[in-house]
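Notes for the one structure printed next.
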Amino acid sequence: MSAVKAVRVSRVYPGGGEPVRAVDQVSLSVAAGELAILVGASGSGKSTLLNLIGGLDRPDSGKLTVLGTDMSASSEKELARMRLTRIGFVFQDFNLLRDLTLLENVALPLEGAGVARRTARDAAAKALARVGLSDLDDRFPSEVSGGQQQRVAIARAVVGDREIILADEPTGALDSTTGHEIMKLLSGLSKEGTTVVLSTHNPANLPFASQVVTLRDGRRVETDSDAPLDTEAARA
Ligand SMILES: Nc1ncnc2c1ncn2[C@@H]1O[C@H](COP(=O)(O)OP(=O)(O)O)[C@@H](O)[C@H]1O
Ligand SMILES: [Mg+2]
Numbered sequence: 001m002s003a004v005k006a007v008r009v010s011r012v013y014p015g016g017g018e019p020v021r022a023v024d025q026v027s028l029s030v031a032a033g034e035l036a037i038l039v040g041a042s043g044s045g046k047s048t049l050l051n052l053i054g055g056l057d058r059p060d061s062g063k064l065t066v067l068g069t070d071m072s073a074s075s076e077k078e079l080a081r082m083r084l085t086r087i088g089f090v091f092q093d094f095n096l097l098r099d100l101t102l103l104e105n106v107a108l109p110l111e112g113a114g115v116a117r118r119t120a121r122d123a124a125a126k127a128l129a130r131v132g133l134s135d136l137d138d139r140f141p142s143e144v145s146g147g148q149q150q151r152v153a154i155a156r157a158v159v160g161d162r163e164i165i166l167a168d169e170p171t172g173a174l175d176s177t178t179g180h181e182i183m184k185l186l187s188g189l190s191k192e193g194t195t196v197v198l199s200t201h202n203p204a205n206l207p208f209a210s211q212v213v214t215l216r217d218g219r220r221v222e223t224d225s226d227a228p229l230d231t232e233a234a235r236a
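So this is what it looks like as structure tokens:
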């Protein structure tokens, strides 16, 4: 079963003049444990599509199924519950709460889901260990590097064994070496079974993908690597 399945999904922003077709009839299928990458220029619809998959926004048309749930048919409450327990988000600028320790940041989604504080913190410590940050529990975000902050954000996205990580330009604010380390970490999580869907415009990240989805002006376009073989050319 697909972790994410979109069939001709669209999201149109009304706007003042012409409506903006931010996501235009996009179909895709991501199997559990894949690392799928959305690529495309700024404004091509990557963030809008990730927000739809994560239930932060809803399609205007088409059918979007995430972890067996029809995202259009679900209540706000059901979507909020999914984001707390099954889907984790990672952003370019980490979005950690600066007044909480790293451990408290990671425990937050579980506490929000009603898990007892002690249990939540034990799970948070486990998640921090999983991203290679065992000894920094009591630090504050400002006391660690950008790459470490992004690791914390990834720990917060997986804590409680959530099934999908959605990462919007997760390496966008990092130097190339640190970005590469973050991609390796996400790739490792996908090999352990967590489905990862991320956006990037850095071609250096593409070799980590099991699947690349290229967007242009909200539409999915074929690229050289996934275009069908031109048989004429192949025969020549
Ligand atoms: N809340 C919004 N209201 C109106 N237009 C939006 C909104 N969010 C995004 N857009 C437009 O939708 C298109 C896709 O944006 P976005 O999904 O942010 O692309 P990307 O993440 O690839 O840069 C752009 O034309 C953008 O201006
Ligand atoms: Mg974006």
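Under full-length UniProt numbering, think of the first position of the sequence shown as 1, with each following residue one higher.
Just so you know, even glycine gets a beta-carbon here, dropped at the ideal spot from N, CA and C.
Taking the alpha helix (DSSP H) that residue i belongs to, which residues open and close that run?
i	result
residue 146	146-158
residue 4	Element bounds for residue 4: not the alpha helix (DSSP H) but the beta strand (DSSP E), 2-13.
residue 196	Counting along the chain, residue 196 falls outside any alpha helix (DSSP H), though it belongs to the beta strand (DSSP E) covering 195-200.
residue 106	102-112
residue 187	176-191
For a test of the three-state rule: what should DSSP assign to residue i, helix, strand or coil?
i	result
residue 45	coil
residue 121	helix
residue 171	coil
residue 209	coil
residue 98	coil
residue 136	coil
residue 130	helix
residue 36	strand
residue 116	coil
Return the bridge partner residues of residue i from the DSSP annotation.
i	result
residue 29	5
residue 220	215
residue 165	88 and 196
residue 58	In the DSSP output, where bridge partners are listed per residue, residue 58 has none listed.
residue 24	Residue 24 pairs with nothing; no bridge assigned.
residue 93	According to DSSP, residue 93 bridges with nothing at all.
I think residue i touches residue j, with their Cβ atoms under 8 Å apart; what is that distance to the nearest whole Å?
i	j	result
residue 283	residue 195	Residue 283 is absent from the structure shown; the chain starts at 1 and stops at 236.
residue 24	residue 219	5 Å
residue 96	residue 138	About 14 Å; that fails the 8 Å criterion.
residue 7	residue 27	5 Å
By the DSSP assignment, the beta strand (DSSP E) with residue i in it spans what residues?
i	result
residue 80	Looking at the DSSP string, residue 80 is not in any beta strand (DSSP E); the run it does join, the alpha helix (DSSP H), is 76-85.
residue 64	61-66
* Asked: Could you name the residues, in chain order, whose CB is less than 6 Å away from a heavy atom belonging to ligand 1?
  -> 13, 15, 20, 22, 40, 42, 43, 44, 45, 46, 47 and 48
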